[in-house]
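Student: Handing you this structure, nothing more for now.
Residue numbers (the numbering used here): -9 to 282.
Now the structure itself:
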């Protein structure tokens, strides 16, 4: 049984929800949060985020056979979103590196709300009656002073006719509150649409601007502060932008990225301070050089 919230907390949550953008409110009205993982870890997490609580049946034990179909649907989501990039994960990676160490958070919808072609694409069995996952976020704790590493953010909104705009950002924002993540590392590729989400949530301090150790060397590694203030600002609907910057870095300029990485290795502190700027076909990132 999940604990009941006090009236004052409930009232505060109502005020918070009233101040987030309507597109996120619409998702919260239609979708349900789920958590798939080791139930021993659930007691350490916040199971009520801004008043949105988990249903008992959506707290899913990854060790239980009865949840194997749901686990397979979440895994299928990864194949649909990352398989074409050569970054789809085997099931054992899902289990060993996500579900058991921390958990997998996301949103889902009842089966009756899902279009038939969407159910077929996910290979949902006809007699399956549970929640249909439409997004997920994975992160694992590190030994670096309580910091986490986020390694998978997926949204199936594009497969649902863009019915849930903002689903990816809302998923990551809520996951950070559920897991209690404040400082978080991540890695992604220059030019990735995910950077629209990451930069809306917070500035990104670059730890690497070029990563030969990655499957895709044109990747970056970053550290961000996902404080409650930053998350609420991100959910307000107001786009973060940076008017004053030291460099506009083109997503396709690999040589400049390598040069920037050399500067980082020499000790320069660098951050992406706002959302990408789009000029024609070019995607540019506002870079700030910080004082050491």
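The beta-carbon is built from N, C-alpha and C at its ideal position, and this holds for glycine as well.
All figures in this text were calculated on a predicted structure; none of them were measured in a lab.
(1) Starting from the N-terminal side, write out each stretch of the alpha helix (DSSP H) that is 4 residues or longer and does not extend beyond the region 78 to 106.
(2) Which two residues bound the contiguous alpha helix (DSSP H) that contains residue 158?
(3) Taking the Cβ atom as the reference point for each residue, do residue 27 and residue 93 lie within a distance shorter than 9 Å?
(4) If you count every other CB in all the chains shown that lies within 10 Å of the CB of residue 54, and 16 or more means buried, which is it?
(5) At which residues does the alpha helix (DSSP H) containing residue 153 begin and terminate?
(6) Please list the terminal residues of the continuous alpha helix (DSSP H) segment that includes residue 202.
(7) In whole angstroms, what is the alpha-carbon distance linking residue 76 and residue 205?
(8) Rounding to the nearest angstrom, what Cα-Cα distance links residue 186 and residue 31 in this structure?
(9) Using 10 angstroms around the beta-carbon of residue 36, count the other beta-carbons present and answer buried if the total reaches 16, otherwise exposed.
(10) Would residue 63 be called buried (16 or more neighbouring beta carbons within 10 Å of its own) or exposed?
(11) Kindly indicate which residue of 39, 17, 34 and 255 has the alpha-carbon position closest to the one of residue 165.
(12) Please classify residue 12: is it buried, with 16 or more other beta-carbons within 10 angstroms of its beta-carbon, or exposed?
(13) According to DSSP, simplified to helix, strand and coil, what is residue 178?
(14) Under 8 Å, with one C-beta from each stretch per pair, do the region 135 to 148 and the region 194 to 204 reach the 3-pair mark?
(15) Run through DSSP, which three-state label would residue 264 get?
(16) Shortest alpha-carbon distance to residue 260 belongs to which of 15, 61, 198 and 48?
(17) At which residue ranges does the region 17 to 56 contain complete beta strand (DSSP E) runs of 3 or more residues, listed in the order of the chain?
(18) Alpha carbon to alpha carbon, what distance is there between residue 242 and residue 273?
(19) At what residues does the alpha helix (DSSP H) containing residue 189 begin and finish?
(20) How far does the alpha helix (DSSP H) with residue 224 in it reach, from first residue to last?
(21) Would you please state the rounded distance, in angstroms, between the beta carbons of residue 121 and residue 84? I believe it to be under 8 Å.
(22) In the DSSP assignment, find the alpha helix (DSSP H) that holds residue 258 and state where it starts and stops.
(23) Would you report the Cα separation of residue 152 and residue 250, rounded to the nearest angstrom?
(24) Please look up how many angstroms separate the CB atoms of residue 196 and residue 210, rounded, as I've assumed it's under 8 Å.
(25) Mark residue 128 as exposed unless 16 or more other C-beta atoms lie within 10 angstroms of its C-beta, in which case mark it buried.
(26) Our contact map puts residue 44 next to residue 25 with C-beta atoms below 8 Å; I'd like the distance itself, whole angstroms only.
(27) So what does DSSP say about residue 277, is it helix, strand or coil?
(28) Using the rule of at least 16 other Cβ atoms within 10 Å of the residue's Cβ for burial, across every protein chain shown, is residue 226 buried or exposed?
Tutor: Let me lay it out:
(1) 81 to 84
(2) Mapped onto the chain shown, residue 158 falls at position 168. Looking at the DSSP string, the run of the alpha helix (DSSP H) that includes residue 158 is 157 to 169.
(3) Locating residue 27 in the chain shown gives position 37, where the first residue counts as 1. Locating residue 93 in the chain shown gives position 103, where the first residue counts as 1. Yes, they are a contact pair.
(4) Here residue 54 refers to the residue found at position 64 when the chain shown is read from its first residue. It is exposed - the Cβ of residue 54 has fewer than 16 other Cβ atoms within 10 Å.
(5) The count along the chain shown starts at 1 and reaches residue 153 at position 163. Where residue 153 is concerned, there is no enclosing alpha helix (DSSP H), given that its DSSP letter is neither H nor E.
(6) The sequence position of residue 202 within the chain shown is 212, counting from 1. Unbroken run through residue 202: none, as it is neither H nor E.
(7) The residue labelled residue 76 in the question sits at position 86 within the chain shown. The residue labelled residue 205 in the question sits at position 215 within the chain shown. Low confidence applies here, because residue 76 scores a pLDDT of 48, under 50, leaving its location unreliable; read the following figure in that light. Approximately 8 Å, taken between the alpha carbons.
(8) Along the chain shown, read from residue 1 onward, the residue named residue 186 stands at position 196. Along the chain shown, read from residue 1 onward, the residue named residue 31 stands at position 41. Residue 186 and residue 31: Cα-Cα distance of roughly 30 Å.
(9) Translated into the one-based positions of the chain shown, residue 36 becomes position 46. With fewer than 16 Cβ atoms within 10 Å of its Cβ, residue 36 is classed as exposed.
(10) Residue numbering aside, residue 63 sits at position 73 when the chain shown is read from its first letter. So residue 63 counts as buried.
(11) Within the chain shown, numbered from 1, the residue matching residue 165 stands at position 175. When only C-alpha atoms are compared, the closest one is 39.
(12) Here the question's residue 12 lines up with position 22 in the chain shown. When all chains shown are included, residue 12 counts as exposed.
(13) By one-based count along the chain shown, residue 178 stands at place 188. In this structure, residue 178 counts as strand in the three-state DSSP scheme.
(14) no
(15) Reading the chain shown from its first residue, position 274 is the one you call residue 264. Coil at residue 264, not helix or strand.
(16) Numbered from its first residue, the chain shown carries residue 260 at position 270. It is 198 whose Cα lies nearest to the Cα of residue 260.
(17) 22 to 27 and 49 to 51
(18) Taking the first residue of the chain shown as 1, we reach residue 273 at position 283. Taking the first residue of the chain shown as 1, we reach residue 242 at position 252. Cα to Cα, the separation comes out at about 8 Å.
(19) Counting from one through the chain shown, the residue named residue 189 turns up at place 199. Its alpha helix (DSSP H) spans residues 184 to 191.
(20) For the purposes of this step, residue 224 is taken as residue 234 along the chain shown, with counting starting at 1. First-last of the alpha helix (DSSP H) with residue 224: 218 to 225.
(21) Numbered from 1 along the chain shown, position 131 holds the residue referred to as residue 121. Numbered from 1 along the chain shown, position 94 holds the residue referred to as residue 84. Their Cβ separation, rounded to whole angstroms, is 17 Å, which puts residue 121 and residue 84 out of contact at 8 Å.
(22) Walking along the chain shown from the start, residue 258 turns up at place 268. Per DSSP, residue 258 belongs to no alpha helix (DSSP H) and is neither H nor E.
(23) Counting from 1 along the chain shown, the entry for residue 152 is found at position 162. Counting from 1 along the chain shown, the entry for residue 250 is found at position 260. Using only the alpha carbons, I get a separation of about 36 Å.
(24) The residue given as residue 196 occupies position 206 in the chain shown. The residue given as residue 210 occupies position 220 in the chain shown. With 8 Å as the limit, residue 196 and residue 210 qualify as a contact, their Cβ atoms being about 6 Å apart.
(25) Here residue 128 is taken as the residue at index 138 of the chain shown, counted from 1. By the neighbour-count rule (16 or more Cβ atoms within 10 Å), residue 128 is buried.
(26) Looking up residue 44 in the chain shown gives position 54. Looking up residue 25 in the chain shown gives position 35. Their Cβ separation, rounded to whole angstroms, is 6 Å, which keeps residue 44 and residue 25 in contact under 8 Å.
(27) By 1-based counting over the chain shown, the position of residue 277 is 287. Note: residue 277 maps to strand in three-state DSSP.
(28) In the chain shown, the residue the question calls residue 226 occupies position 236. Exposed, by the Cβ-count rule.
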